[in-house]
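The block underneath contains the structure these notes are about, expressed in structure tokens.
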Amino acid sequence: MDLLSNFLMDFVKQLQSPTLSFLIGGMLIAAFGSQLQIPESIVKIIVFMLLTKIGLTGGIAIRNSNLTEMILPAAFSALVGILIVFIARFTLAKLPKVRTVDALATGGLFGAVSGSTMAAALTLLEEQNINYEAWAGALYPFMDIPALVTAIVVANLYLNHKKRREAEYASKQEFFGEQQDNRVKIWPIVKESLQGPALSAMLLGLALGLFANPESVYKGFYDPAFRGLLSILMLVMGMEAWSRLGELRKVAHWYVVYSIVAPFVHGLIAFGLGMVAHYATGFSLGGVVVLAVIAASSSDISGPPTLRAGIPSANPSAYIGASTAIGTPIAIGFCIPFFLGLAQTLGAQ
Amino acid sequence: MDLLSNFLMDFVKQLQSPTLSFLIGGMLIAAFGSQLQIPESIVKIIVFMLLTKIGLTGGIAIRNSNLTEMILPAAFSALVGILIVFIARFTLAKLPKVRTVDALATGGLFGAVSGSTMAAALTLLEEQNINYEAWAGALYPFMDIPALVTAIVVANLYLNHKKRREAEYASKQEFFGEQQDNRVKIWPIVKESLQGPALSAMLLGLALGLFANPESVYKGFYDPAFRGLLSILMLVMGMEAWSRLGELRKVAHWYVVYSIVAPFVHGLIAFGLGMVAHYATGFSLGGVVVLAVIAASSSDISGPPTLRAGIPSANPSAYIGASTAIGTPIAIGFCIPFFLGLAQTLGAQ
Amino acid sequence: MDLLSNFLMDFVKQLQSPTLSFLIGGMLIAAFGSQLQIPESIVKIIVFMLLTKIGLTGGIAIRNSNLTEMILPAAFSALVGILIVFIARFTLAKLPKVRTVDALATGGLFGAVSGSTMAAALTLLEEQNINYEAWAGALYPFMDIPALVTAIVVANLYLNHKKRREAEYASKQEFFGEQQDNRVKIWPIVKESLQGPALSAMLLGLALGLFANPESVYKGFYDPAFRGLLSILMLVMGMEAWSRLGELRKVAHWYVVYSIVAPFVHGLIAFGLGMVAHYATGFSLGGVVVLAVIAASSSDISGPPTLRAGIPSANPSAYIGASTAIGTPIAIGFCIPFFLGLAQTLGAQ
């Protein structure tokens with residue numbers, strides 16, 4: 021009982037943090053019909069600066085630390101990314117009025133990682149003075165890429181299988197004029213993910229942190245601007261979430277249920293695996309929160325174009341609507357405080 | 021005599037401040053035909069950041085202070101906003117070649133507030149170490165909205181009245197086919213003002229300052245960036261003022277006279293009312309300057325679209341030209357130093 | 021031998037500086053096909069802020085110092101700017117498959133100055149704690165404008181001469197119907213250079229530094245943001261250099277040779293003249309490096325539109341390709357470390 025009231029008080033306090041209050045503020049002014057607009061070019065440069073900064077932090081950390089610690093969390097990240105797609109395949113896809121390809125694309129997006137959500141989590145951890153490995157942000161691609169690759173591969177296998185069955189059914193006596201190439205190529209999907217603006221910026225930062233001496237611009241520019249830029253991005257994401265709600269209404273209501281439940285389920289799985297790493301290799305509880313939050317997050321910026329190219333038959337209103345309008349606000353506004361509270365209950369500091 | 025020479029020396033010194041010198045610089049390079057352009061998206065984000073910061077300052081101040089002090093200055097702000105429109109109705113509108121609706125729209129714009137001008141005044145007060153209430157920036161909407169609402173309501177009453185008289189004159193024997201709705205709806209005008217990008221940002225900042233804990237991003241981001249961003253905005257406004265001069269030449273020359281005289285008249289009325297609040301409730305002399313400057317200012321960014329929608333028959337070249345090309349440079353370059361000097365003469369510190 | 025290994029170690033160390041590593045990073049991610057884009061409006065405001073800052077630095081420095089020191093370096097800057105065009109006229113233009121007007125335009129661009137390259141050099145000098153005159157950045161227009169004017173004047177004289185000879189040859193018996201105006205007007209070219217966005221911003225900063233009191237925004241905004249913004253611009257220039265390589269392939273291969281050799285030759289000439297000023301008037305070795313680097317640099321942003329207007333018959337693929345794809349990376353990545361190392365060998369500190 022005391023635990024619950026503590027948790028609720030912490031939760032309200034976290035909603036008052038700059039990060040979450042700007043998100044809520046964005047939803048409120050969008051609901052009020054404000055004509056405030058943050059120009060697209062500003063959003064792009066903010067995303068660039070946030071992810072470059074996360075990459076730089078990671079790169080500098082990896083340069084100065086023992087990399088073997090990272091192996092288990094990275095493996096778990098990849099595992100969770102793949103698992104999330106299969107969860108969508110065997111839950112969301114089985115629900116009425118939900119097309120299998122749409123469910124797989126949605127699973128891919130919820131398995132992929134949102135740099136903004138991760139940035140919000142890192143900021144809240146710092147505000148609460150909870151330690152985490154500086155390389156934790158570098159777990160991002162280990163979950164992001166496997167999730168997108170799995171979603172696209174499974175969707176294409178499914179579509180090929182369906183097509184072949186239809187073809188067999190329709191024309192058993194006919195001869196296949198041309199042998200179709202049913203193999204889905206994985207490298208192009210990986211490459212496209214890496215070429216996306218968010219991952220490019222992060223990997224650039226990572227490489228510069230590893231091989232160059234970016235400390236002066238890191239300390240004088242990227243690091244101090246981080247929280248302020250994040251507050252603007254949160255505002256944009258709040259406004260965006262509100263404006264996408266309409267799109268979501270067009271598709272099956274099960275997407276709403278999935279978008280609310282999935283972030284918690286994915287986060288809890290990752291939290292559990294993170295605790296395994298905590299006991300096995302001393303992965304910090306703050307790091308466990310980061311792992312849980314990147315699992316709870318869904319990709320808003322980099323994932324959609326990759327999925328649109330990889331699964332062209334999937335309906336973007338379904339997967340982008342589910343992710344942007346509900347998944348992201350739930351992940352930032354509820355999952356981050358929840359996993360933070362959980363880690364604090366377990367003794368994080 | 022000594023007072024005058026002191027005033028002139030102060031005036032020159034203030035022209036050398038970053039804020040005013042960038043404004044003058046903008047006019048000079050525009051006059052020289054420079055191809056320098058500050059992109060529109062940058063101007064938008066600067067306005068957002070300045071007004072969010074002013075809102076945050078106000079919100080944090082109101083949270084930590086006795087709100088009753090604000091009642092009298094806020095009431096005077098609203099009074100001045102309404103008065104300015106009626107002054108335009110009974111002076112500018114009576115001049116030859118000036119259409120009544122154009123005069124009312126111009127009065128509305130001069131009654132409305134320029135966030136940039138206010139930001140310049142707050143910065144100059146700080147540079148001169150003159151105290152003012154931290155919530156003074158929050159007086160903005162109390163003058164802005166009444167002025168715009170009054171201008172639109174009076175213009176529509178005038179247009180309806182005129183239309184009815186013309187109809188009566190032209191067809192006394194005819195029967196009115198449809199009963200016209202002559203009532204001007206006030207709430208949509210208020211709502212549209214509040215939805216404008218400048219007021220939205222300020223109210224968002226105000227709400228976050230009041231109900232959240234934005235201190236970390238305020239101190240680390242919005243506050244330190246304020247003066248620098250303002251310098252860029254001043255440059256833009258200087259260039260804009262110069263380029264709008266041409267438009268102003270197309271309309272009656274009385275607009276030029278009005279645009280030079282009105283900022284001083286409006287400012288002096290507000291200064292007088294501010295002094296009443298100073299003696300009655302201890303409103304600071306710095307606060308009196310803020311009140312005078314927001315009265316002297318005219319809206320460049322948020323006001324025009326509201327007026328364009330509210331009084332579609334008014335000529336934008338008249339009211340935007342008068343405000344941007346002359347009203348704003350006069351308010352920033354002459355009225356701010358003038359009211360500052362006046363307050364200093366009265367013992368402000 | 022020891023000198024060479026020291027030089028190489030310094031060189032690698034400088035490649036790891038934020039400035040150069042972001043340039044290399046930009047080339048690498050462009051080569052990898054990254055979809056990362058820094059929006060055009062962001063690039064514009066960065067260029068504005070960097071050059072305003074360089075101008076402010078120069079203006080504040082000139083206000084506080086003995087201007088006569090600047091005369092010799094400024095005269096040498098102008099001399100080098102003019103010389104570079106004539107070097108191109110008598111080397112590049114004589115090579116096979118190179119059109120004379122293209123060679124002159126290329127010479128003009130390599131004589132003109134790149135604000136970004138200069139910003140990179142100033143930053144590296146500071147990182148290495150090498151002193152230089154604060155007004156050194158103000159040498160920019162003294163080299164930039166003479167180079168562009170000379171290129172355009174010489175190109176037009178050449179074109180007029182060629183046209184007249186052709187006319188004489190084709191119609192010796194005909195009477196010239198209209199006397200052509202063969203005089204090339206110099207003032208419009210100077211004016212157009214001064215109106216360009218980069219020089220406008222620099223001269224604005226210079227004027228504000230000289231006549232106003234911009235210290236507060238300089239210290240609180242323009243100066244601290246400098247290195248960080250430069251890192252983003254270097255990234256953009258790296259990506260741009262890579263993407264322009266294709267254009268360069270279309271024109272004669274001699275442009276590649278010229279673009280690699282010319283920055284060193286121009287820089288060495290300026291370095292030599294700078295050493296004369298060093299012994300004659302005590303011009304610092306850091307200042308000599310700045311002079312050499314602005315000679316080695318070629319204009320990417322302001323020069324091209326001036327040349328396009330001044331020598332419309334020249335092929336932009338040739339001169340812009342040579343400058344952006346090779347000249348600039350060579351100047352930043354090789355010439356800056358080279359001249360820095362040279363000055364350090366000569367005892368710079």
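Residue numbers (the working numbering), protein chains in the order written: chain A, 21 to 369; chain X, 21 to 369; chain W, 21 to 369. Even for Gly, the Cβ is constructed at its ideal location relative to N, Cα and C. Because the structure is a prediction, the values reported are computed rather than measured.
- Assignment of beta strand (DSSP E) within the region 54 to 96 of chain A, counting only whole runs of 3 or more residues, yields no such run.
- Straight through space, the alpha carbons of residue 37/X and residue 28/X are spaced by roughly 14 angstroms.
- Contact check for residue 271/X against residue 351/X fails: the beta carbons are separated by 9 angstroms or more.
- Secondary structure at residue 231/A: helix, using DSSP grouped into helix, strand and coil.
- Closest in alpha carbon position to residue 106/W, among 353/W, 167/W, 41/W, is 167/W.
- If you check the CB distance, residue 225/X and residue 154/X do not come in under 9 angstroms.
- Cβ-Cβ distances below 7 angstroms link residue 359/A to 287, 291, 309, 312, 313 in the same chain, with the five nearest sequence neighbours on each side left out; the list follows chain order.
- For the region 316 to 346 of chain A, the set of residues with a beta-carbon nearer than 7 angstroms to any beta-carbon of chain X is empty.
- In terms of Cβ geometry, residue 263/X and residue 50/X form a close pair [threshold 9 angstroms].
- Interface residue (Cβ-Cβ distance to chain A less than 9 angstroms): residue 42/W is classified as such.
- Not flagged as an interface residue toward chain W: residue 133/A, since no C-beta distance is shorter than 9 angstroms.
- Around the beta carbon of residue 289/X, 16 or more other beta carbons lie within 10 angstroms, which makes this residue buried.
- Between residue 306/W and residue 159/W, the C-beta gap is not smaller than 9 angstroms, which leaves the two residues out of contact.
- Nearest in C-alpha terms to residue 135/W, of all of 163/W, 124/W, 121/W, 110/W, is 163/W.
- The Cβ of residue 136/W sits no closer than 9 angstroms to any Cβ of chain X.
- Taking 9 angstroms as the cut-off, the Cβ atoms of residue 249/X and residue 70/X count as close.
- Taking C-beta atoms as the reference points, residue 345/W and residue 265/W count as a pair closer than 9 angstroms.
- For residue 260/W, the nearest beta carbon of chain X is not closer than 9 angstroms to its own beta carbon.
- Using a 10 angstroms sphere on the CB of residue 301/X, the tally of other CB atoms stays under 16, which defines it as exposed.
- With contacts defined as CB atoms closer than 9 angstroms, residue 339/W and residue 324/W qualify as a contacting pair.
- Neighbourhood of residue 62/A in chain X, by CB distance below 7 angstroms: 61, 65, in chain order.
- Residue 166/X sits in a helix when the DSSP states are folded into three classes.
- A contact is defined here as three or more CB-CB pairs under 8 angstroms, and the region 233 to 242 of chain X meets this definition with respect to the region 237 to 256 of chain A.
- Residue-level contact by beta carbon holds for residue 248/W and chain A, with a gap shorter than 9 angstroms.
- Less than 9 angstroms separates the beta-carbon of residue 47/A from that of residue 258/A.
- Secondary structure note for residue 269/W: its alpha helix (DSSP H) is the uninterrupted segment 243 to 270.
- Taking residue 349/W as reference, the option from 293/W, 330/W, 281/W with the minimal CA-CA separation is 281/W.
- Nearest in C-alpha terms to residue 97/A, of all of 296/A, 142/A, 32/A, 367/A, is 296/A.
- Taking 9 angstroms as the upper bound on Cβ-Cβ separation, chain A lies near residues 227, 228, 231, 232, 233, 234, 235, 236, 237, 238 of the region 226 to 239 of chain X.
- Taken in chain order, the members of the region 29 to 56 of chain X whose beta-carbon sits within less than 9 angstroms of a beta-carbon on chain W are 33, 35, 36, 37, 38, 39, 40, 41, 42, 44, 45, 46, 48, 49, 52, 53, 54, 55, 56.
- From the listed residues 278/X, 130/X, 125/X, 217/X, the smallest Cα separation to residue 336/X is found for 125/X.
- Just so you know, the alpha carbons of residue 183/A and residue 317/A end up roughly 33 angstroms apart.
- Residue 174/X is classed as buried because its beta carbon has at least 16 other beta carbons within 10 Å across all chains shown.
- For residue 242/X, the closest Cβ of chain A is nearer than 9 angstroms.
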